[in-house]
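Take 38 as the starting number for the sequence shown in this note's numbering and just add one per residue. Worksheet for the structure shown next.
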Amino acid sequence: MLLPLAVACSLAPKAGNAPASTTSAGAARSSKVSLPAYVPVQGGPKPDLPPRADGVDAGFFAFPQTPFHSVQAREKPGNGDAVTLMTNLIQGSIVPLEQNSAWQAVNQDMGLTVRQRLYGSADYRNGLSTTIAGGDLPDTIYNPPQKFIPNLPAFLQTQCGDLTAYLGGDAVKAYPNLANIPTPCWAETVVNGAIYGVPVPRAPFLNAFLVRQDLVDQAQLTQPTSADEFKKFLVALTNAQQNRFGLAAANTGTSFGLGSQSPLLMIFGAPNNWRLDSAGQLIKDYETEEFKAAVAFARELWSLGVWHPDTRTLNGTTLSTALRGGQAVVASHSFGALIAQWPLLATENPAARLRVIHPFSADGKTKPIYHTGPSNFGISYLKKASDERVKLVLRALNYIASPFGSQEWVLLNYGVEGVHFTRDAQGVPSLTDKGKAEVLSTWKYITNNPQVLYDSHRSVDYATDIQTDEKAMADVAITDPTLGYYSATYAGQQVLLDQAIGDGIADIVVGRAQLGDLDGLISDWRKNGGDKARAEYQQALGAA
């Protein structure tokens with residue numbers, strides 16, 4: 038399990054120099070704002086594998102045996118008030134507060150009645166819109182990585198609290214667990230010259246080729262270091278008669294792993310979403326020769342029969358199932374899927390081993406690249422409120438951000454010992470049936486502690502392997518120049534724009550259209566909103 042990180046959160050692009058108007062379609066950040074200082078929590082467990090400032094996570098070989106209090110009595114919210122926090126119910130359902138003793142225990146320790154306003158993933162965009170339109174905002178509003186809130190800069194300025202005075206620079210030290218969130222994780226909270234919200238910290242690793250390393254070892258193969266080696270590697274791993282295919286990807290907007298920031302694009306040196314040319318003009322990845330080369334390569338792989346035949350219809354869940362089951366040996370997938378699937382695979386097949394194929398370039402000679410993303414998994418904004426209320430809500434968030442190994446972290450993630458969890462001989466906690474029913478996974482989508490690499494299944498292997506893979510990606514990382522800047526057009530139309538070009542690319546890959554048809558798809562993308570989004574980002578970059 039990838040637990041909340043110790044110093045990671047990537048080095049996001051630095052803020053600019055001047056604010057832009059919230060009425061503009063492209064909004065900038067501002068370097069006049071001091072991002073929250075980073076002050077690691079004292080008294081916590083020492084990691085076996087130290088983190089790095091470029092986003093590499095800390096690793097733990099064993100569960101900490103002596104939990105410490107990370108929230109002192111003076112820092113607890115503790116006035117008995119009711120607080121409502123809105124976030125995304127990623128999966129499943131919850132036991133309501135009135136029947137949920139684990140939730141009640143957290144509230145009792147906080148000294149608050151914390152209620153959660155939850156919407157499932159499929160309904161979250163509509164839930165946000167309804168909540169904002171109704172005008173009755175909860176104390177915090179979670180905006181996921183997809184950035185569902187329309188006209189975000191104006192919404193923040195008119196309805197949300199400016200937290201600069203509370204969190205900027207050394208002010209964050211009043212909330213030690215928020216100060217424990219590395220400074221780069223806060224970069225996207227700065228909009229139009231002010232800090233809005235508290236991030237859900239995450240490492241910056243977005244997508245990668247996940248590989249069943251045990252199957253690779255059985256085939257006596259080594260990881261590829263060029264496009265030609267990768268092609269031969271996939272051919273050698275494919276056996277259609279045994280329902281085993283070299284490569285698969287999910288259809289998440291763009292099929293066949295050809296969406297922005299995907300590992301196929303990285304092989305050929307395509308931009309990380311956008312590229313600034315020597316004249317300071319933005320070039321979209323779709324518009325480059327490197328992207329066209331990646332599409333041509335994916336088409337060649339289809340002709341060789343190495344793609345899983347259901348790739349065009351796989352989603353994230355079914356792709357993960359195919360990877361764990363060995364129907365796909367390599368999956369172009371999210372890095373988060375590695376974290377989620379590792380413990381499942383360790384339980385289902387203890388001999389299996391899940392790794393990342395390290396970045397390589399097409400010719401095997403050029404320095405490879407890796408596309409990093411934001412150092413957060415969304416941001417929780419605070420609604421406008423009195424000074425006293427803002428401080429109360431920040432103390433609640435400070436509690437929720439309690440670090441790995443603390444007593445508060447154990448309570449949030451496992452509940453009450455003897456009721457919601459028990460410990461084995463090594464002190465590793467395990468949820469009881471009551472704990473599985475009641476302990477909320479939703480706390481970590483409000484804010485979270487920095488994630489760490491620890492898993493109850495073979496954690497030495499888990500932490501060592503994943504940190505090694507993270508280092509390989511971080512060592513060659515390049516950033517998206519538009520990260521932290523706002524385009525109203527892209528915020529509202531990106532899904533449709535990407536879907537249109539993605540459908541056309543899929544037809545090219547499977548041979549229903551020609552590679553030359555890519556030019557028409559790109560032209561349509563430009564006309565239907567791509568050029569407008571580019572102009573808005575250029576405006577924002579120019580104002581920074």
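Glycine included, every Cβ here is placed at the ideal spot set by N, Cα and C. Predicted model only: the values in this text are computed from it and were never measured.
Next item on the list: Measure the C-alpha to C-alpha separation of R154 and C197 and round it to an integer number of angstroms.
Entry: What you label residue 154 is simply residue 117 of the sequence shown in a count that begins at 1. What you label residue 197 is simply residue 160 of the sequence shown in a count that begins at 1. Those two C-alpha atoms are separated by around 17 Å.
Next item on the list: State the start and end residues of the unbroken beta strand (DSSP E) segment that holds R152.
Entry: Taking the first residue of the sequence shown as position 1, residue 152 is located at position 115. Start and end: T150 to G157.
Item checked: Whether Y451 touches T519 by CB criterion (7 Å) -> Taking the sequence shown and counting its residues from 1, the one referred to as residue 451 is at position 414. Taking the sequence shown and counting its residues from 1, the one referred to as residue 519 is at position 482. No, the pair does not count as a contact, with Cβ atoms beyond the cut-off.
Notebook entry, point to check: Which residue's Cα is closest to the Cα of P88: Q488, T516 and A170?
Noted result: Against the sequence shown, residue 88 aligns to sequence position 51. The shortest C-alpha separation from P88 is found at Q488.
Note to self: If distances are taken between C-alpha atoms only, which option among F305, S412 and V476 comes closest to A511?
What the structure shows: If you number the sequence shown from 1, residue 511 lands on position 474. Nearest option by C-alpha distance: S412.
Notebook entry, point to check: Taking DSSP as the reference, what is the three-state secondary structure of K564?
Noted result: Walking along the sequence shown from the start, residue 564 turns up at place 527. DSSP places K564 in helix when its eight states are reduced to three.
Next item on the list: With a threshold of 16 other CB atoms inside 10 Å of the CB of K404, please say whether the residue is buried or exposed.
Entry: Against the sequence shown, residue 404 aligns to sequence position 367. K404 is exposed by the Cβ-count criterion.
Margin query: So, at 7 Å on beta carbons, what are the nonlocal neighbours of A264 in its own chain, with the 5 sequence-adjacent residues on each side left out?
Written below: Here the question's residue 264 lines up with position 227 in the sequence shown. Only I304, F334 and A399 meet the Cβ criterion.
Notebook entry, point to check: Would E225 be called buried (16 or more neighbouring beta carbons within 10 Å of its own) or exposed?
Noted result: As a position in the sequence shown, residue 225 is number 188, starting the count at 1. Answer is buried; the Cβ neighbour count reaches 16.
Item checked: Residues of its chain near L39, where Cβ-Cβ distance is below 6 Å and the 5 sequence neighbours each way are ignored -> If you number the sequence shown from 1, residue 39 lands on position 2. At L39, the pLDDT of 46 sits below 50, so the modelled position is not reliable; the number obtained from the coordinates is stated separately. Here the set comprises I376 and Q488.
Check: Quick one: Cα of I169 to Cα of K564, how far?
Finding: As a working note, residue 169 is residue 132 in the sequence shown. As a working note, residue 564 is residue 527 in the sequence shown. I169 and K564: Cα-Cα distance of roughly 31 Å.
Checklist line | Buried/exposed call for G567, threshold 16 Cβ in 10 Å | finding: Taking the sequence shown and counting its residues from 1, one reaches residue 567 at position 530. That one is buried.
Notebook entry, point to check: Mind checking L552: buried by the 16 CB within 10 Å criterion, or exposed?
Noted result: For this step, residue 552 is matched to residue 515 along the sequence shown. Classification of L552: exposed, given that the 10 Å Cβ count is below 16.
Notebook entry, point to check: What span of residues does the alpha helix (DSSP H) with R162 cover, start to end?
Noted result: As a working mapping, residue 162 is identified with position 125 in the sequence shown. Y161 to G171 is the extent of the alpha helix (DSSP H) around R162.
Check: Counting along the chain, where does the beta strand (DSSP E) carrying I320 start and finish?
Finding: For the purposes of this step, residue 320 is taken as the residue at position 283 of the sequence shown. Its beta strand (DSSP E) spans residues L319 to K321.
Margin query: So, under 8 Å CB-CB, L258 and I483 are touching, yes? Tell me the CB distance rounded to an integer number of Å.
Written below: Locating residue 258 in the sequence shown gives position 221, counting from the first residue. Locating residue 483 in the sequence shown gives position 446, counting from the first residue. Not really, about 43 Å apart at Cβ, beyond 8 Å.
Next item on the list: Tell me Y407's beta-bridge partners as DSSP assigns them.
Entry: Mapped onto the sequence shown, residue 407 falls at position 370. A514, per the DSSP bridge assignment.
Item checked: CA nearest to the CA of G362, picked from F282, A316, L165 and G373 -> Working through the sequence shown from its first residue, we reach residue 362 at position 325. Selected option, being the one with the closest Cα: F282.
Margin query: For A509 and H395, I'd like the C-alpha separation in whole angstroms.
Written below: Along the sequence shown, read from residue 1 onward, the residue named residue 509 stands at position 472. Along the sequence shown, read from residue 1 onward, the residue named residue 395 stands at position 358. Their backbone Cα atoms lie some 6 Å apart in a straight line.
Check: So S299 packs on N244, CB below 8 Å; how close in whole Å?
Finding: Stepping through the sequence shown from its first residue, residue 299 is reached at position 262. Stepping through the sequence shown from its first residue, residue 244 is reached at position 207. That belief holds up - the Cβ atoms of S299 and N244 are roughly 5 Å apart, short of 8 Å.
Checklist line | Reference F185, options S560, I538, A543 and Q530, closest by Cα | finding: For this step, residue 185 is matched to residue 148 along the sequence shown. Taking only the C-alpha atoms, the option nearest F185 is Q530.
Next item on the list: Using a threshold of 7 Å, state whether the C-beta atoms of N485 and P440 are closer than that.
Entry: In the sequence shown, the residue the question calls residue 485 occupies position 448. In the sequence shown, the residue the question calls residue 440 occupies position 403. Their beta carbons are not under 7 Å apart, which means N485 does not touch P440 by this criterion.
Check: Would the beta-carbon of T150 fall within 7 Å of that of A99?
Finding: Along the sequence shown, one-based indexing puts residue 150 at 113. Along the sequence shown, one-based indexing puts residue 99 at 62. Cβ atoms of T150 and A99: not closer than 7 Å.
Margin query: Using a 10 Å radius around the Cβ and a threshold of 16 neighbouring Cβ atoms, would you call C46 buried or exposed?
Written below: Taking the first residue of the sequence shown as position 1, residue 46 is located at position 9. Note that C46 scores 47 on pLDDT, short of 50, meaning its location in the model is unreliable; the coordinates nonetheless yield the value given after this. The residue is buried, with at least 16 neighbouring Cβ atoms inside 10 Å.
Margin query: Between which residues of its own chain and A142 is the CB-CB distance below 6 Å, once the five residues before and five after are set aside?
Written below: Walking along the sequence shown from the start, residue 142 turns up at place 105. Correct list, in chain order: V453.
Notebook entry, point to check: For the putative contact between L86 and Q504, defined by C-beta atoms under 8 Å, what is the C-beta separation to the nearest angstrom?
Noted result: Within the sequence shown, the letter at position 49 stands for residue 86. Within the sequence shown, the letter at position 467 stands for residue 504. Indeed they touch by this definition, with Cβ atoms about 5 Å apart.
Checklist line | Own chain, CB closer than 7 Å to T59, minus 5 neighbours either side, in chain order | finding: Translated into the one-based positions of the sequence shown, residue 59 becomes position 22. Unreliable placement is indicated for T59, whose pLDDT of 38 sits below 50; no coordinate value is reported for it.
Next item on the list: With a floor of 3 residues, list each beta strand (DSSP E) that falls wholly inside the region 75-148, ordered by position along the chain.
Entry: 119-126
Next item on the list: Would you tell me roughly how many angstroms separate the C-alpha atoms of V497 and E266, rounded to the nearest one?
Entry: As a working mapping, residue 497 is identified with position 460 in the sequence shown. As a working mapping, residue 266 is identified with position 229 in the sequence shown. For V497 and E266, the distance between alpha carbons rounds to 30 Å.
Checklist line | Assumed close pair S417, Y179 - CB separation to whole angstroms, cut-off 8 Å | finding: Within the sequence shown, numbered from 1, the residue matching residue 417 stands at position 380. Within the sequence shown, numbered from 1, the residue matching residue 179 stands at position 142. Sure, about 5 Å apart at Cβ, within 8 Å.
Margin query: According to DSSP, is G415 part of a helix, a strand, or is it coil?
Written below: Residue numbering aside, residue 415 sits at position 378 when the sequence shown is read from its first letter. The answer is strand: DSSP assigns G415 an E or B state.
Check: Hey, out of I131, G148, S130 and A383, whose CA is closest to N116's CA?
Finding: Mapped onto the sequence shown, residue 116 falls at position 79. Considering only alpha carbons, the answer is G148.
Next item on the list: Name the two residues that bound the continuous beta strand (DSSP E) containing R336.
Entry: Taking the sequence shown and counting its residues from 1, one reaches residue 336 at position 299. Where R336 is concerned, there is no enclosing beta strand (DSSP E), although the alpha helix (DSSP H) it sits in stretches over E326 to S340.
Notebook entry, point to check: Just reading off the alpha helix (DSSP H) that Y179 is part of, what are its end residues?
Noted result: Here the question's residue 179 lines up with position 142 in the sequence shown. Here Y179 belongs to no alpha helix (DSSP H); instead the beta strand (DSSP E) covers T177 to N180.
Next item on the list: If I'm right that P182 touches G442 with Cβ under 8 Å, what's the distance once you round it to whole angstroms?
Entry: For the purposes of this step, residue 182 is taken as residue 145 along the sequence shown, with counting starting at 1. For the purposes of this step, residue 442 is taken as residue 405 along the sequence shown, with counting starting at 1. Wrong, their Cβ atoms sit about 27 Å apart, outside the cutoff.
Next item on the list: Measure the CB-CB distance between E445 and V108 and report whether it falls below 7 Å.
Entry: As a first step, residue 445 is located in the sequence shown; it is residue number 408 there, counting from the start. As a first step, residue 108 is located in the sequence shown; it is residue number 71 there, counting from the start. Contact flag set, yes.
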